[in-house]
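Q: Below you will find the structure I want to go over with you.
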Amino acid sequence: MKKYTFTLQSNSMGGVISEREAHTASGGKNISPQLEWINAPAETKYFAITMYDKDAPTTSGFWHWIVVNIPKTITELSENAGNIDAHLMPAGAIQCKTDYGTIGYGGPHPPVGHGWHMYTVTVYALNAPIVLEENTSAAQIGFQLWAKTIEKASIVAYYQR
Numbered sequence: 080m081k082k083y084t085f086t087l088q089s090n091s092m093g094g095v096i097s098e099r100e101a102h103t104a105s106g107g108k109n110i111s112p113q114l115e116w117i118n119a120p121a122e123t124k125y126f127a128i129t130m131y132d133k134d135a136p137t138t139s140g141f142w143h144w145i146v147v148n149i150p151k152t153i154t155e156l157s158e159n160a161g162n163i164d165a166h167l168m169p170a171g172a173i174q175c176k177t178d179y180g181t182i183g184y185g186g187p188h189p190p191v192g193h194g195w196h197m198y199t200v201t202v203y204a205l206n207a208p209i210v211l212e213e214n215t216s217a218a219q220i221g222f223q224l225w226a227k228t229i230e231k232a233s234i235v236a237y238y239q240r
């Protein structure tokens, strides 16, 4: 029986998305949150991180951040690691294209008056790397995450405009 639970936590992101994490188009700073995880399964080979908005007015939600193939020795991402120009992502980790059509972190920017959106940040403990091609879609990455996940842990935060 496992004694400890795989857990994701953040020193910068709380239950409501702050101006720091919100997209610049929403008046925010578009800074990805600091994240750390503990008690990963022993058989973990890689980690992945996603940020997903299930309340986006689409038929498939909205992917705000996808990072895959984080080495198993890494257990934390610093604040702003999602900014590809800051070069804060650990070696080996790959940031993928979001539903904004860009690579790296894209903060919340729901439609004005659409109400509260729920943003789920998840860390996945994986048993194998995610295989990518130049234009691998978020849905294809999601399918691989589903197939290769040993355990996962999430933080939920909300935002509205």
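Numbering-wise, this note's numbering comes out as the position in the sequence shown, counting from 1, plus 79. Where is the CB? At the ideal position from N, CA and C, for every residue including glycine. Fair warning: this is a prediction, and the values are worked out from it, not measured in the lab.
Tell me, please, whether the stretch 228-238 touches the stretch 190-201 by the rule of three or more beta-carbon pairs shorter than 8 Å.
A: Counting Cβ pairs under 8 Å, three or more are found: they touch.
Q: Where E115 and N90 are concerned, what is the direct C-alpha to C-alpha distance, given to the nearest angstrom?
A: In the sequence shown, counting from the first residue as 1, residue 115 sits at position 36. In the sequence shown, counting from the first residue as 1, residue 90 sits at position 11. Near 9 Å, if we compare the C-alpha coordinates of N90 and E115.
Q: So is S111 buried or exposed if we call it buried at 16+ other beta carbons inside 10 Å?
A: As a working note, residue 111 is residue 32 in the sequence shown. Flag for S111 reads buried.
Q: Within the stretch 83-142, note down every full beta strand (DSSP E) run reaching 3 residues or more, in order along the chain.
A: Scanning the stretch 83-142 from its first residue to its last, the whole beta strand (DSSP E) runs of 3-plus residues come out as 86-88, 114-117 and 125-132.
Q: Kindly indicate which residue of S157, Y179 and Y125 has the alpha-carbon position closest to the one of Y203.
A: Numbered from 1 along the sequence shown, position 124 holds the residue referred to as residue 203. Here the closest residue by C-alpha is Y125.
Q: Under the DSSP definition of a beta bridge, which residues are partnered with V202?
A: Here residue 202 corresponds to residue number 123 of the sequence shown, with the count starting at 1. Beta-bridge analysis with DSSP links V202 to I128 and A232.
Q: Look at the Cβ atom of L156, then the Cβ atom of Q113, and state whether they are nearer than 9 Å.
A: Within the sequence shown, residue 156 is the residue found at index 77, counting from 1. Within the sequence shown, residue 113 is the residue found at index 34, counting from 1. In this structure, Q113 lies closer than 9 Å to L156 by Cβ.
Q: In whole angstroms, give me the CA-to-CA distance for C175 and I149.
A: The count along the sequence shown starts at 1 and reaches residue 175 at position 96. The count along the sequence shown starts at 1 and reaches residue 149 at position 70. Whole-angstrom Cα-Cα distance: 12 Å.
Q: Between the Cα of A217 and those of V95, I229, N162 and G183, spot the shortest distance and give me the residue it belongs to.
A: Locating residue 217 in the sequence shown gives position 138, where the first residue counts as 1. Shortest Cα-Cα distance from A217 to any of V95, I229, N162 and G183 involves G183.
Q: Is DSSP giving K227 helix, strand or coil here?
A: Translated into the one-based positions of the sequence shown, residue 227 becomes position 148. Of the three classes helix, strand and coil, the one that applies to K227 here is helix, per DSSP.
Q: Can you give, in chain order, each stretch of the alpha helix (DSSP H) that sits fully within the stretch 168-193 and has at least 4 residues?
A: none
Q: According to DSSP, which residues form a beta bridge with V146?
A: The residue given as residue 146 occupies position 67 in the sequence shown. According to DSSP, residue pairing for V146 in a beta bridge involves I128 and Q174.
Q: If you check the beta carbons only, do L205 and T228 fall under 9 Å apart?
A: Working through the sequence shown from its first residue, we reach residue 205 at position 126. Working through the sequence shown from its first residue, we reach residue 228 at position 149. Going by C-beta atoms, L205 is nearer than 9 Å to T228.
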